[in-house]
Amino acid sequence: MQRPIDWLLDFYQKAEGLFFKEADARVYAILRILYALVCLINMIHLWTVAPELMTDAGLISSATFAKKNGAFSILYYISDPFGVSCLFVLALIALLMMLVGFQTKVAVILVFIWQFSYAARLVGASGWDYLLLNIGFSLMISPLDRVWSVRAWRARQRGEPLPTTAPQYGLLLIQLEIVMMYVQTLWHKVGDPYWRNGELASYFFLGTYSFMQKPLLLDLPRVSVFFSHLTLLLETLAPAFLCFARTRLWGFVCGYTLHFAIFFSEIPIFSLVCMMAYWAFVSGDDLDRLGAWLVRRGLPVERFFIRH
Amino acid sequence: MSQEEAVSFKQQVLKFGKGIFVCFLLFHSCGTIANNYPKNTAFQGDLQKPFEFYVRPLHLHKPYDMFYTYDPWYKFDLEITGVDNAGQSHNFAPILPGLEAIEGKGKLRVRVTLQRMLGRRNWDLLESYAQNLCRAIYEQSGKPMHEVTITFKTERLRKLSQIRKDGVISKPRDLVKGPFQCNAL
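Chains as they are written, first to last, in the working numbering: chain A, -6 to 301; chain B, 7 to 191.
Okay, here's the thing in structure tokens:
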């Protein structure tokens, strides 16, 4: 009979094997670049409302947030317009460093501090802010710059190239986050009467999140049912398909279709965040196939995509 | 310590560090699942508690809220009424800084902030907003206000069956908050 300590050791070794299995470093590089780009877009969007939401002259004082939230934020201590602008500039520099893979560890830690600082200072934070925060946490503890980075370029110049693989734990954490996000959303939506009876799409076009705010589907109830239930179907299929190599492409098709539709609302950044996160599911083989496909179409990406 | 011993010691430390890191990764994975677990079961918040010490300070515990039901707002505006020390009423625009009006639907994040101020647990945010309004009115007009009242002029979507009957999309409802006494300026 197996002793509990043997069972524990066996479990630990399986966990270590899973978390430290080598993955293609290009996947981390793609996530690093896309994450930095999406955060840049989000930051610019946020900058336009910084006077209203992040300064003491705006809607709510920092002291109120500091008292209310358990979360830490630099913005509790810096709340004048000039100081807040300086923080935005610092975050911009950190994001650019992350984008090009220069001092990536420092950059990604600064970006994470920025992310939770602004999220703690907002009562109007959105789902995408928390998704960026959770993905940022996983990226912070991951090796992001072994390829396609200034660090990798410098290492090559010195004749000491960095390894082209990296442990996959960061990718697994992001995959888990994305799967849980879809499980949670389905859990809530299938219990909601308006998602169930298919009226939700009609309401969506009338609500403030819609660009048009017109009763487009009011007299087309069956079209509304189709769109509402198609959304639920895509939200079920996307994470399930993304998990398996053979269906991954279809996972991308389902997820990108869903989030392309959400582009036509007031929350396109949410779509960008999800579209970025799907790349945590891809493997080196997927990237090779993508590279070969791009090369066949005449795009000069051989140097980046083809493994040597 | 010989060189061999030093190398062996370093390897032991690295192995130990890796073990701690694997345990953390397992812990964090459990935390991700627990944070997304529904809170209306018999467990209530007990599953989330072991992870609170680091997910709360880092703000990693918040729900994603991806349109679990429809957004009920059709129109949203605010009206600020200040009463000065002589008892006279004055109207002001709501957006700070600068007491600017909401144009159209307004900026998304600002609108959502104002909407969430209506939440039962956010009275402290309303109080802070009211005090900031008092200060901004004083800075702009030079007149100290005795109190301010915030009126949320909202229109919520009616049920589709009702809209189909008479074509009226929304139902107006004014929510009056206050009056809030202006603290000494």
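Ideal Cβ positions, reconstructed from N, Cα and C, are used throughout, including at glycine. As the structure is a prediction and not an experimental result, all values here were calculated from the model.
Chain B contact residues for residue i, given Cβ-Cβ distances below 9 Å
i	result
Phe65 (chain A)	Pro63, Leu64, His65
Thr158 (chain A)	Chain B residues near Thr158 (chain A): none, gap ~17 Å exceeds 9 Å.
Phe109 (chain A)	Pro63, Leu64, His65, Leu66
Thr229 (chain A)	Residues of chain B passing the Cβ test: none, with the nearest at roughly 13 Å.
Leu1 (chain A)	None at all; the shortest Cβ gap to chain B is about 11 Å.
Leu166 (chain A)	Leu31, His34, Ser35, Thr38
Whole-angstrom distance between residue j and residue i, CA atom to CA atom
i	j	result
Ala99 (chain B)	Thr87 (chain B)	9 Å
Leu275 (chain A)	Leu102 (chain B)	With the sequence shown as reference, residue 275 (chain A) is identified as Val, and Leu is not the correct amino acid for it. Rounded to whole angstroms, Val275 (chain A) to Leu102 (chain B) spans 45 Å at the Cα level.
Arg115 (chain B)	Tyr135 (chain B)	16 Å
Thr224 (chain A)	Val89 (chain B)	50 Å
Ile128 (chain A)	Ala270 (chain A)	8 Å
Leu280 (chain A)	Leu24 (chain A)	13 Å
Arg290 (chain A)	Ala254 (chain A)	27 Å
Ala56 (chain A)	Leu103 (chain A)	23 Å
Leu131 (chain B)	Met123 (chain B)	6 Å
Ala48 (chain B)	Leu83 (chain A)	45 Å
Leu124 (chain A)	Met47 (chain A)	20 Å
Gln187 (chain B)	Val61 (chain B)	37 Å
Met90 (chain A)	His252 (chain A)	28 Å
Pro74 (chain A)	Leu88 (chain A)	21 Å
Residues that residue i contacts on chain A, provided the C-beta gap is smaller than 8 Å
i	result
Pro178 (chain B)	By Cβ distance, chain A contributes nothing, its closest Cβ being about 15 Å from Pro178 (chain B), past 8 Å.
Leu20 (chain B)	Within 8 Å Cβ-Cβ: nothing; Leu20 (chain B) doesn't reach chain A, min ~12 Å.
Ile175 (chain B)	Leu199, Pro208
Of the listed residues the options, nearest to residue i (C-alpha basis)
i	options	result
Ala336 (chain A)	A:Ile86, A:Phe198, A:Ala148	There is no way to answer for residue 336 (chain A), as the model of chain A reaches only from -6 to 301.
Tyr202 (chain A)	B:Lys24, B:Asp52, B:Lys21, B:Gly112	B:Gly112
Gln246 (chain A)	A:Phe65, A:Phe234, A:Ala238	Reading the sequence as shown, one finds Val at residue 246 (chain A) and not Gln. Cα-wise, what sits closest to Val246 (chain A) is A:Phe234.
Val182 (chain B)	B:Glu11, B:Ile156, B:Arg162, B:Trp79	B:Ile156
Glu109 (chain B)	B:Phe15, B:Gly93, B:Phe82	B:Phe82
Leu105 (chain B)	B:Tyr60, B:Ser35, B:Glu11, B:Asn138	B:Asn138
Asn97 (chain B)	B:Val118, B:Leu64, B:Met151, B:Glu133	B:Met151
Leu326 (chain A)	A:Cys267, A:His222, A:Gly284	This structure gives no information on residue 326 (chain A), because the portion of chain A shown stretches from -6 to 301.
Ala92 (chain B)	B:Glu153, B:Ser35, B:Phe30, B:Gln121	B:Glu153
Val77 (chain A)	A:Pro214, A:Ala50, A:Asp212	A:Ala50
Phe73 (chain B)	A:Thr229, A:Gly63, A:Thr178, A:Thr157	A:Thr178
Lys61 (chain A)	A:Leu199, A:Val116, A:Asp(-1)	A:Val116
Trp243 (chain A)	A:Ser258, A:Phe257, A:Leu227, A:Leu287	A:Leu227
Gly63 (chain A)	A:Ser142, A:Gln6, A:Ala112	A:Ala112
Met173 (chain A)	B:Ser35, B:Ile169, B:Arg162, B:Glu145	B:Ser35
Asp180 (chain B)	B:Leu66, B:Asp52, B:Lys159, B:Gln50	B:Lys159
Leu92 (chain A)	A:Leu193, A:Ile26, A:Val288	A:Ile26
Beta bridge counterpart(s) of residue i as assigned by DSSP
i	result
Glu228 (chain A)	BP columns for Glu228 (chain A) are empty, so no partner.
Glu153 (chain B)	B:Val89, B:Gln187
Glu161 (chain B)	B:Lys81, B:Pro178
Glu106 (chain B)	B:Ile101
Pro160 (chain A)	A:Glu15
Ser203 (chain A)	A:Ser258
His96 (chain B)	B:Gly88
Cutoff 7 Å: residue i Cβ touching any chain E Cβ
i	result
Pro150 (chain B)	In the structure shown, chain E does not exist; the protein chains are A and B.
8 Å Cβ cut-off: residues of chain B touching residue i
i	result
Lys7 (chain A)	Near Lys7 (chain A) there are no residues of chain B at all, since even the closest Cβ is about 10 Å away, more than 8 Å.
Ile37 (chain A)	By Cβ distance, chain B contributes nothing, its closest Cβ being about 13 Å from Ile37 (chain A), past 8 Å.
Ser54 (chain A)	Ser134, Gln137, Asn138
Gly51 (chain A)	Leu102, Pro103, Asn138
Leu33 (chain A)	By Cβ distance, chain B contributes nothing, its closest Cβ being about 17 Å from Leu33 (chain A), past 8 Å.
Leu309 (chain A)	This structure gives no information on residue 309 (chain A), because the portion of chain A shown stretches from -6 to 301.
Glu170 (chain A)	Thr38
Per-residue contacts from residue i into chain A (C-beta, under 7 Å)
i	result
Arg170 (chain B)	Leu211
Leu32 (chain B)	Ala8
Interface partners of residue i on chain B, CB under 7 Å
i	result
Gln177 (chain A)	Asn42, Tyr70
Ala113 (chain A)	His65
Met173 (chain A)	Thr38, Ile39, Asn42
Thr202 (chain A)	Here the sequence assigns Tyr to residue 202 (chain A), which means Thr is not the residue at that position. Simply Asp77.
Any non-hydrogen atom of the ligand ATP within 6 Å of residue i CB
i	result
Gln18 (chain B)	Among the ligands in the structure shown, none appear at all, so the ligand ATP cannot be discussed.
Contacts that residue i makes with chain A (C-beta to C-beta distance below 9 Å)
i	result
Asn128 (chain B)	Lys61, Val116
Exercise for the section: Output, in sequence order along the chain, the residues in the stretch 242 to 264 of chain A whose CB is closer than 9 Å to any CB in chain B. Expected result: Glu259, Ile260, Phe263
Exercise for the section: Taking a Cβ distance cut-off of 7 Å, strictly less, list which residues of the stretch 181 to 200 of chain A are near chain B, in chain order. Expected result: His181, Lys182, Asp185, Tyr187, Glu192, Leu193, Ser195, Tyr196, Phe197, Leu199, Gly200
Problem - Chain-ordered residues of the stretch 114 to 146 of chain A with a beta carbon less than 9 Å from chain B - result: Leu115, Val116, Gly117, Ala118, Ser119, Gly120, Trp121, Asp122, Tyr123, Leu124, Leu126, Asn127, Phe130, Ser131, Ile134
Exercise for the section: Give, in chain order, every residue of the stretch 75 to 92 of chain B whose Cβ lies closer than 9 Å to some Cβ of chain A. Expected result: Thr75, Tyr76, Asp77, Pro78, Trp79, Tyr80, Lys81, Phe82
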